[in-house]
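> Taken in order, these protein sequences are the chains called A and B.
1 is the number of the first residue of the first sequence in my numbering; add one for each residue after it.
1001 is the number of the first residue of the second sequence in my numbering; add one for each residue after it.
The C-beta atom is built at its ideal place from N, Cα and C for all residues, glycine as well.
Source: prediction; values computed, not measured.
Quick one: the structure is below, questions incoming.
Protein chains: 2
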Amino acid sequence: MAEQDNGRAKRGQRRGARGPTVADVARLAQVSPMTVSRVVNSDPKVHETTRAKVEKAIAELGYVPNLAARSLAGGRQCRIGLLHSNPSAAYLSEFLVGSTEQANAMGAQLLVEHFEEEASRDELAAKLLLHRVDAVLLPPPLSDDVLLLECINRAGMVMAQVATGAPSPLAHAVTIDDEAAAFGLTARLIALGHKRIGFIGGAPNQTASALRRNGYRRALESAGIDADRRLETTGDFTFRSGMDCALALLALDERPSAIFASNDDMAAATIAAAHRMGLDVPRQLSVCGFDDTASATNVWPELTTARQPVADMAREAVRLLVDSVFDAKARTPRHVRVDFSLVLRQSDTGVAVSA
Amino acid sequence: MAEQDNGRAKRGQRRGARGPTVADVARLAQVSPMTVSRVVNSDPKVHETTRAKVEKAIAELGYVPNLAARSLAGGRQCRIGLLHSNPSAAYLSEFLVGSTEQANAMGAQLLVEHFEEEASRDELAAKLLLHRVDAVLLPPPLSDDVLLLECINRAGMVMAQVATGAPSPLAHAVTIDDEAAAFGLTARLIALGHKRIGFIGGAPNQTASALRRNGYRRALESAGIDADRRLETTGDFTFRSGMDCALALLALDERPSAIFASNDDMAAATIAAAHRMGLDVPRQLSVCGFDDTASATNVWPELTTARQPVADMAREAVRLLVDSVFDAKARTPRHVRVDFSLVLRQSDTGVAVSA
DNA sequence: TTTTACCTTGGTAGCGCTATCAACAGCAAT
DNA sequence: ATTGCTGTTGATAGCGCTACCAAGGTAAAA
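In structure tokens, the structure reads:
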């Protein structure tokens, strides 16, 4: 009931005091609202003096632009649909942090949508359209779903694939050089003295899996080690599949002395499998993973792995999308490659073992 | 230059065709824009017949409300700051999914902000204020930071603590019954025949830690088992601390036959420690965790644990916050308790072992 | 000096929606 | 017939911001 007037004169006849507006700033700085708008949007054609005055007024009032009004007036409005489907929680977490941050910073709205494997791609596209989604952000494994890409493209939305092995001409892409990273890790195992190195591949439907396998093979090759196809197994990025593959590898007559798993979960499983068989890691078996997710440090010994800057990749992808939505010229698909790094921990640094 | 008119009469003189508006729907349904607005917002006082007409028109045009305009006109605007500080990635991920979903559904804006341990709470509050944050969402461990709560409260923002053991009178709280869950898990271990059950506590500065410890103690007590304080250790929810505690417990003269860890990461570490000492889990050592995060299934054997519905809790918290922001009457702190469940997997189901 | 060209600023008119209040039924009670 | 309702609808006026165009000033060119 009590109409409390917290120190500020009520503006309209609507409900009480919200934050200061361009008009307030304009009054204080003795310029027009329009000029304030220009300063806020860093329009180059504002005189230095005026800009300073306005900035002072802004600081004084603690003015913050109202996003709603801005996007309404500006006509611009960017909704990004983030589609995810059962990626590792650790990956998704980092991805979400990066993408929400960037989306907020750029005034875009992020809609997080879970995509069931079995769901119809057409229905999904229809749903996105219904939600007025302008752009779609695709973390793996969805970034490799060609049907989905085509479907979304047909619906006229911009897309960004993150961490795909096969950038589509229909979409932006942000990737690391998976092959180089896998090459690097394998080369390191070789440098440690290993000659029989087992490989656990990722899900065949993710293109990155093939790239990592190539990196592994190329490293062996360039070290002059004959490839033994029995040492190559294929999992699906889950812990359980990693366990199965590792057990199979460790049951071979000529057991590998090192195993390169295509992601951290499978590497963690490999360590578990080794322990289960009474092998010490890294003394009797060196292991390395890929991705540097939380799993990498939640095992003992901690995993040597390749780190993708997931949050940065998400940020970059959002940036590409927002730019595309606001500026038709930026709509031609771009492919951004970001740097990875090798994180050396304890899972592989045992005494070098010769086969 | 070519003013392309894509099939729809241009509305303003501004840039071309955006989606249909209330006016379009109103015209088609032969009612006033206001009535359309009422239907969209499910205002009860609209006649059945009218509602049907409008809904038909909406469907026909594929109308979707413009959020920006709505929040501008409604004067309502809700920004929720989600503060997180190094929680487990798995937890954060689920939390983010739940909270972004709910925030979008309720037309609120979510700002994700990382809070460094060392950062000044006052500066943080100032920053939140600067970003015009109306409400703050606090997942653990921040939900237990009393200083932070006071600070934010002083700044006049609404808060919600998630998974705290000590709901503050200053904030909403969404919790599970940690004590009951810990009781349940411990009771299960006892039922399996264990008499010496080790305990790995969580970080002392998180109130949930104490509750879990109480549940553990109470279960022992009600089973008539004498508490042996040497069996109680204290970690800090990290894998590494779990490893240390587990190694200590397993080095005791009278080794425990089961260990209850206060979260999954520490339970995973316990399994790793057991393997490291050549003990089989669950045959020689039963283990159970808490939270049912991704870690629970990324170890072998998989963890028996207590599941918190993290995403649901986040959703509920967001709901409480948004309601509070839009409706002053809903601002009195509420404490919502949601159900947990015990997830029985393989880490504890060995042959029952007697001490 | 006048003209042309900027460079900077201001005025006006909405963006799409909803709060508010006024208006008009239709019906019961006076 | 008049009054008073409840239930439903419409008209009006902005929310805070920016696109657009026009207007003033100053400097360079004629």
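(1) Within 8 Å, do at least three Cβ pairs link the stretch 239–253 of chain A to the stretch 213–225 of chain A?
(2) Is it the case that the Cβ atoms of A/Ser-257 and A/Arg-196 are separated by a distance below 7 Å?
(3) Nearest to B/Ala-1306 by CA position, among B/Ala-1155, B/Ala-1314, B/Cys-1288, is which residue?
(4) Helix, strand or coil: which one does DSSP assign to A/Leu-138?
(5) Does the count of Cβ pairs from the stretch 1063–1074 of chain B and the stretch 53–70 of chain A closer than 8 Å reach three?
(6) Between B/Val-1054 and chain A, is any beta-carbon pair separated by less than 7 Å?
(7) Keeping to the same chain, check which residues put their C-beta closer than 7 Å to that of A/Ala-180; ignore five residues upstream and five downstream.
(8) Against chain B, does A/Thr-100 count as a neighbour if the rule is that its beta carbon must be under 7 Å from one of theirs?
(9) Residues of chain A with CB closer than 7 Å to the CB of B/Val-1046, please, in chain order.
(10) Alpha carbon to alpha carbon, how far is B/Ser-1042 from A/Gln-30? Give it in angstroms, no decimals.
(11) Are the CB atoms of A/Leu-142 and A/Gly-81 within a distance shorter than 7 Å?
(12) Look at the alpha carbon of A/Ile-176 and the alpha carbon of A/Pro-167, and state the distance between them as a whole number of angstroms.
(13) Measuring CB atoms only, is the stretch 1253–1270 of chain B touching the stretch 1281–1298 of chain B, in the sense that at least three cross pairs come out at less than 8 Å?
(14) Would you kindly work out how many angstroms separate the C-alpha atoms of A/Ala-23 and B/Val-1133, rounded to a whole number?
(15) Measure the alpha-carbon distance for A/Arg-276 versus A/Met-243 and round it to whole angstroms.
(16) Output, in sequence order along the chain, the residues in the stretch 242–261 of chain A whose CB is closer than 8 Å to any CB in chain B.
(17) Quick one: does A/Phe-239 have its CB under 7 Å from some CB of chain B?
(18) Leaving out the 5 sequence neighbours to the left and right, which residues in its chain are closer than 6 Å to B/Ala-1108 when beta-carbon positions are compared?
(19) Since A/Glu-101 contacts A/Arg-315 with CB under 8 Å, what's their CB separation in whole angstroms?
(20) Classify A/Leu-149: buried if its beta carbon has 16 or more other beta carbons within 10 angstroms, exposed otherwise.
(21) Does DSSP put B/Ala-1002 in a helix, in a strand, or in coil?
(22) Any C-beta of chain B within less than 8 Å: which residues of the stretch 293–310 of chain A qualify?
(23) Alpha helix (DSSP H) containing B/Thr-1175: first to last residue?
(24) Determine the burial state of A/Glu-221: buried for a count of at least 16 other Cβ atoms within 10 Å of its Cβ, exposed for fewer.
(25) So A/Phe-95 and A/Pro-139 are in contact, right, with Cβ under 8 Å, and what is the actual spacing, rounded?
(26) What's the C-alpha gap between A/Ile-200 and A/Leu-189?
(27) Taking B/Leu-1096 as the query, report the chain A residues whose CB atoms sit under 9 Å from its CB, ordered along the chain.
(28) Name the two residues that bound the continuous beta strand (DSSP E) containing B/His-962.
(29) Leaving aside the five residues before and after B/Val-1343 along the sequence, list all residues of the same chain whose C-beta is less than 6 Å from its C-beta, in chain order.
(30) Report all residues from its chain with a CB closer than 7 Å to the CB of B/Asp-1122; omit the five preceding and five following residues, and keep chain order.
(31) Who are the near neighbours of B/Gly-1165 in its chain, counting only those whose CB is closer than 8 Å to its CB and skipping five residues on each side?
(32) Determine the contact status of A/Asp-264 and A/Ser-241, defining contact as a CB-CB distance below 7 Å.
(33) Please give the ranges of any alpha helix (DSSP H) in the stretch 1080–1161 of chain B, keeping only runs that are unbroken, at least 4 residues long and fully inside the region.
(34) Just to confirm the assignment, what range does the alpha helix (DSSP H) spanning A/Gly-62 have?
(35) Spell out whether any CB of chain B is found under 7 Å from the CB atom of A/Ser-71.
(36) Is the beta carbon of A/Leu-279 closer than 7 Å to that of A/Ser-347?
Taking the coordinates as given:
(1) no
(2) Translated into the one-based positions of the first sequence, residue 257 of chain A becomes position 257. Translated into the one-based positions of the first sequence, residue 196 of chain A becomes position 196. Yes. Within cutoff.
(3) Along the second sequence, one-based indexing puts residue 1306 of chain B at 306. Comparing Cα positions, the closest option is B/Cys-1288.
(4) Here the question's residue 138 of chain A lines up with position 138 in the first sequence. Strand at A/Leu-138.
(5) yes
(6) In the second sequence, residue 1054 of chain B corresponds to position 54, counting from 1. No, B/Val-1054 does not count as interfacial toward chain A.
(7) Here the question's residue 180 of chain A lines up with position 180 in the first sequence. Hits under 7 Å: Gly-215.
(8) Here residue 100 of chain A corresponds to residue number 100 of the first sequence, with the count starting at 1. It does; some Cβ of chain B falls within 7 Å.
(9) For the purposes of this step, residue 1046 of chain B is identified with residue 46 of the second sequence, where counting begins at 1. Ordered by position in chain A, no residue passes the 7 Å Cβ test against B/Val-1046, which lies about 23 Å from the chain.
(10) Against the first sequence, residue 30 of chain A aligns to sequence position 30. Against the second sequence, residue 1042 of chain B aligns to sequence position 42. Going from the Cα of A/Gln-30 to the Cα of B/Ser-1042 covers about 44 Å.
(11) In the first sequence, the residue the question calls residue 81 of chain A occupies position 81. In the first sequence, the residue the question calls residue 142 of chain A occupies position 142. Contact: no.
(12) In the first sequence, the residue the question calls residue 176 of chain A occupies position 176. In the first sequence, the residue the question calls residue 167 of chain A occupies position 167. Near 11 Å, if we compare the C-alpha coordinates of A/Pro-167 and A/Ile-176.
(13) yes
(14) Here residue 23 of chain A corresponds to residue number 23 of the first sequence, with the count starting at 1. Here residue 1133 of chain B corresponds to residue number 133 of the second sequence, with the count starting at 1. If I take the Cα positions, the gap works out to 21 Å.
(15) Counting from one through the first sequence, the residue named residue 276 of chain A turns up at place 276. Counting from one through the first sequence, the residue named residue 243 of chain A turns up at place 243. Approximately 10 Å between the Cα atoms of the pair.
(16) Met-243
(17) Position 239 of the first sequence, counting from 1, holds the residue named residue 239 of chain A. So, interface residue.
(18) Your numbering for residue 1108 of chain B matches position 108 in the second sequence. If we look at B/Ala-1108 and ignore the five residues flanking it on each side, its Cβ neighbours are Cys-1078, Ile-1080, Val-1322.
(19) Against the first sequence, residue 101 of chain A aligns to sequence position 101. Against the first sequence, residue 315 of chain A aligns to sequence position 315. That pair is a contact at about 7 Å.
(20) On the first sequence, position 149 is the one that residue 149 of chain A refers to. Burial call: buried.
(21) Translated into positions along the second sequence, residue 1002 of chain B becomes position 2. Its pLDDT being 35, under 50, B/Ala-1002 is placed unreliably in this model, and the coordinates cannot settle the point.
(22) Thr-293, Ala-294, Ser-295, Thr-297, Asn-298, Val-299, Trp-300
(23) Numbered from its first residue, the second sequence carries residue 1175 of chain B at position 175. From DSSP, B/Thr-1175 is part of no alpha helix (DSSP H) but of the beta strand (DSSP E) over 1172–1175.
(24) Here the question's residue 221 of chain A lines up with position 221 in the first sequence. So A/Glu-221 ends up on the exposed side.
(25) The residue labelled residue 95 of chain A in the question sits at position 95 within the first sequence. The residue labelled residue 139 of chain A in the question sits at position 139 within the first sequence. Confirmed, Cβ separation roughly 5 Å.
(26) The residue labelled residue 200 of chain A in the question sits at position 200 within the first sequence. The residue labelled residue 189 of chain A in the question sits at position 189 within the first sequence. Taking the straight line from one Cα to the other gives about 14 Å.
(27) Here residue 1096 of chain B corresponds to residue number 96 of the second sequence, with the count starting at 1. Ordered by position in chain A, the residues that pass the 9 Å Cβ test against B/Leu-1096 are Leu-92, Ser-93, Leu-96, Val-97, Thr-100, Val-112.
(28) What is shown of chain B runs 1001 to 1355, which leaves residue 962 of chain B out entirely.
(29) Counting from 1 along the second sequence, the entry for residue 1343 of chain B is found at position 343. So the list reads Asp-1292, Thr-1305, Arg-1307, once near-sequence residues are dropped.
(30) For this step, residue 1122 of chain B is matched to residue 122 along the second sequence. Closer than 7 Å at the Cβ level, and outside the excluded window around B/Asp-1122, lie Cys-1151.
(31) Position 165 of the second sequence, counting from 1, holds the residue named residue 1165 of chain B. Correct list, in chain order: Asp-1144, Thr-1175, Asp-1178, Gln-1206, Thr-1207, Ala-1208, Ser-1209, Ala-1210, Leu-1211.
(32) Start at 1 with the first residue of the first sequence, and residue 264 of chain A comes out as number 264. Start at 1 with the first residue of the first sequence, and residue 241 of chain A comes out as number 241. No.
(33) 1089–1105, 1121–1130, 1146–1154
(34) Here residue 62 of chain A refers to the residue found at position 62 when the first sequence is read from its first residue. From DSSP, A/Gly-62 is part of no alpha helix (DSSP H); its letter is neither H nor E.
(35) Taking the first residue of the first sequence as 1, we reach residue 71 of chain A at position 71. So, interface residue.
(36) Position 347 of the first sequence, counting from 1, holds the residue named residue 347 of chain A. Position 279 of the first sequence, counting from 1, holds the residue named residue 279 of chain A. No, the Cβ-Cβ distance between A/Ser-347 and A/Leu-279 is not below 7 Å.
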